[in-house]
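In what follows, a structure is listed as structure tokens, so that the remarks can point back to it.
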């Protein structure tokens with residue numbers, strides 16, 4: 165079974181530029197999450213989707229961050245304009261069918277590392 | 106709000122030493138508790154979990170017991186190996202299935218031979 169796919173793995177941009185990250189969850193997983201992991205800290209939830217609807221975006225800085233999951237499968241996270249403090253690893257995770265949804269296990273991608281100069 | 110507190114790292118051990126990584130939590134209800142591990146160059150993966158008080162999660166020689174009275178979920182292993190070197194995250198999930206995880210800051214473990 166293929167895991168959660170993310171791209172790009174690495175991105176370096178100047179402040180005030182824009183960037184987009186893509187995530188393809190495990191097939192059949194209805195719930196998708198974007199987390200931000202700043203160096204030395206634990207992952208922090210940015211947004212959670214159930215199919216193509218938003219469940220929780222309370223910690224998403226909506227003045228600069230946006231995310232969509234138009235067809236309930238792939239998702240894109242965008243930052244515009246980027247700030248220095250946005251330097252982090254952006255993790256995508258999914259969960260869904262079977263026992264995983266009942267146990268709360270999330271399946272994570274390898275992450276997209278963003279450096280803002 | 107809910108939160109997770111882990112012991113500060115890094116933790117440096119020799120092979121075959123005993124490992125404990127402390128984790129305490131704050132929650133309004135009865136959360137499920139998790140340990141995730143991140144090996145170098147890899148994504149986060151579930152190590153073990155416990156869904157109710159007094160449950161013991163175990164995997165790969167690691168164990169953790171859900172202690173409601175002390176709001177703790179400490180990770181232990183009797184004999185660590187070099188291959189256990191990784192970052193360990195304690196996490197909780199409260200509410201219905203699929204609720205997002207809240208993570209601690211992570212503890213880096215380095216095991217030398």
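Protein chains in written order, with my numbering: chain A, 165 to 281; chain B, 106 to 218.
Just so it is clear, CB atoms sit at the ideal spot from N, CA and C, and this is done for glycine as well.
7 Å Cβ shell around residue i - same chain, five flanking residues per side excluded
| i | result |
| --- | --- |
| residue 156/B | 137 |
| residue 259/A | 193, 195, 265, 269, 270, 271 |
| residue 210/B | 111 |
| residue 186/B | 120, 216 |
Interface residues of chain B facing residue i [CB-CB closer than 9 Å]
| i | result |
| --- | --- |
| residue 220/A | 204, 205 |
| residue 255/A | 148, 149 |
Rounded Cβ spacing between residue i and residue j (contact assumed at less than 8 Å)
| i | j | result |
| --- | --- | --- |
| residue 120/B | residue 217/B | 7 Å |
| residue 250/A | residue 280/A | 5 Å |
| residue 246/A | residue 182/A | 7 Å |
| residue 198/A | residue 169/A | Wrong, their Cβ atoms sit about 14 Å apart, outside the cutoff. |
| residue 158/B | residue 171/B | 6 Å |
| residue 107/B | residue 125/B | At roughly 23 Å, the Cβ-Cβ gap does not stay under 8 Å, so residue 107/B and residue 125/B are not in contact. |
Same chain, Cβ closer than 6 Å to residue i, five either side skipped, listed in chain order
| i | result |
| --- | --- |
| residue 236/A | 215, 216 |
| residue 242/A | 184, 230 |
| residue 213/B | 114, 115, 192 |
| residue 160/B | 171 |
| residue 211/A | 198, 221, 224, 231 |
Cβ-Cβ distance between residue i and residue j below 8 Å
| i | j | result |
| --- | --- | --- |
| residue 191/B | residue 178/B | no |
| residue 275/A | residue 146/B | no |
| residue 207/B | residue 142/B | no |
| residue 167/B | residue 154/B | no |
| residue 175/A | residue 248/A | no |
| residue 209/A | residue 227/A | no |
| residue 131/B | residue 176/B | yes |
Interface partners of residue i on chain A, CB under 9 Å
| i | result |
| --- | --- |
| residue 147/B | 274 |
| residue 209/B | 206 |
Beta-carbon neighbours of residue i, restricted to chain B and to distances below 8 Å
| i | result |
| --- | --- |
| residue 268/A | 137, 139, 154, 156, 198, 202, 203, 204, 206 |
Chain-ordered chain B contacts of residue i [CB-CB under 7 Å]
| i | result |
| --- | --- |
| residue 212/A | 205 |
Contacts around residue i, its chain only, beta-carbon distance under 8 Å, and the 5 residues preceding and following it disregarded
| i | result |
| --- | --- |
| residue 262/A | Bear in mind that a pLDDT of 48 at residue 262/A, under 50, signals an unreliable position, so the model cannot answer this. |
| residue 207/A | 199, 200, 201, 255 |
| residue 179/A | 245, 246, 247, 248, 280, 281 |
Near the ligand NAP: residue i beta-carbon under 7 Å from a heavy atom
| i | result |
| --- | --- |
| residue 273/A | Questions concerning the ligand NAP fall outside what the structure shown contains, since it holds no ligand whatsoever. |
**Asked** Name the residues in the region 190 to 209 of chain A whose C-beta lies less than 9 Å from a C-beta of chain B; which are they?
**Response** 194, 195, 197, 199, 201, 204, 205, 206, 207, 208, 209
**Prompt:** In chain order, what residues of the region 169 to 185 of chain B put their CB closer than 7 Å to some CB of chain A?
**Reply:** Listed in sequence order: no entries.
**Asked** Name the residues in the region 219 to 251 of chain A whose C-beta lies less than 7 Å from a C-beta of chain B; which are they?
**Response** 220
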